[in-house]
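Colleague: The sequence shown runs -22 to -1, 1 to 138 under mature numbering (1 follows the signal peptide of the UniProt record, and there is no 0). Below is one structure. I have some questions about it.
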Amino acid sequence: MKKIIAALLALLVLTCCTNDDAPKKKAGSVKKTGKKNEQAKKSNVKLDLFRMPAFIDGCAELLTYDTCKSKDKYIFATDYGDNTIIKIKGKEIRLTRDTAGLTAITGKDFVHIFRGSGYKVTLKLKMVKQYDEGAAYKGTLQLTGNKTDATFKVKGTGGC
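Below, the structure written as structure tokens:
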């Protein structure tokens, strides 16, 4: 009998204990999904629009925001060689392609990785239309590094 009472008492003590470190949920409150924090993280930096750079002469990949109506303003430009730029707060950031980071997920989906000046740019692109020597793309540009973590929806063209 003493063992049963001791076991019940131990069970009662263990079930009544609360963790003061855990956030308390108010009655009727809705669980937050973290989307607000995610949006705040995305809005801490914005890529500047720029005209086609002078180094583009021939083959290139030019991307802009998916909501941008202007046909000659870009947030990302590369000549498929050593010249790749983005612009943040008016400052031109030069990037180099991480050749180990080029992956063709499927025949029309690609991942490109670029690095430079403490930033890492990951492009996840899907080919939406193929031309003779080029294609139209849509996807995302993820910018990380230098206390930055932002993802942008992009569209653009690539080819010769």
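C-beta atoms are modelled at their ideal positions from N, C-alpha and C, and glycine is treated no differently.
Does DSSP put residue 45 in a helix, a strand or coil?
Modeller: Shown here, residue 45 sits in coil according to DSSP, grouped into three states, outside any helix or strand.
Colleague: Would you identify the three-state DSSP class for residue 129, choosing helix, strand or coil?
Modeller: strand
Colleague: When burial is assigned at 16 or more other CB atoms within 10 Å of the CB, is residue 63 buried or exposed?
Modeller: buried
Colleague: What are the start and end residues of each continuous beta strand (DSSP E) run of 3 or more residues lying completely inside the region 18 to 98, in chain order?
Modeller: 38 to 43, 54 to 56, 62 to 66, 69 to 75, 87 to 94, all fully within the region 18 to 98.
Colleague: Would you mind giving the Cβ-Cβ distance between residue 56 and residue 38, rounded to the nearest angstrom? I have them listed as a contact below 8 Å.
Modeller: 7 Å
Colleague: Tell me which same chain residues have a C-beta within less than 8 Å of the C-beta of residue 74, skipping the five on either side of it?
Modeller: 60, 62, 92, 93, 94
Colleague: In terms of residues, what are the limits of the beta strand (DSSP E) holding residue 115?
Modeller: First-last of the beta strand (DSSP E) with residue 115: 112 to 123.
Colleague: For residue 113, count the other beta carbons within 10 Å of its own beta carbon; 16 or more makes it buried, fewer makes it exposed. Which is it?
Modeller: buried
Colleague: With distances taken between CB atoms, is the gap from residue 40 to residue 119 smaller than 9 Å?
Modeller: Residue 40 is not a Cβ neighbour of residue 119, given a cutoff of 9 Å.
Colleague: Can you list, in chain order, the residues of its chain whose CB lies under 8 Å from that of residue 36, leaving out five sequence neighbours each side?
Modeller: 57, 138
Colleague: Select from 67, 121, 108 the residue whose C-alpha is nearest the C-alpha of residue 102.
Modeller: 121
Colleague: Among 44, 115, 53, whose alpha-carbon lies nearest the alpha-carbon of residue 104?
Modeller: 115
Colleague: Taking C-beta to C-beta, are residue 44 and residue 131 nearer than 9 Å?
Modeller: yes
Colleague: Any beta-carbon of chain B closer than 9 Å to the one on residue 40?
Modeller: No chain B is present in this structure, which holds just one protein chain.
Colleague: Are the beta-carbon atoms of residue 66 and residue 23 separated by less than 9 Å?
Modeller: Taking 9 Å as the Cβ cut-off, residue 66 and residue 23 qualify as a contacting pair.
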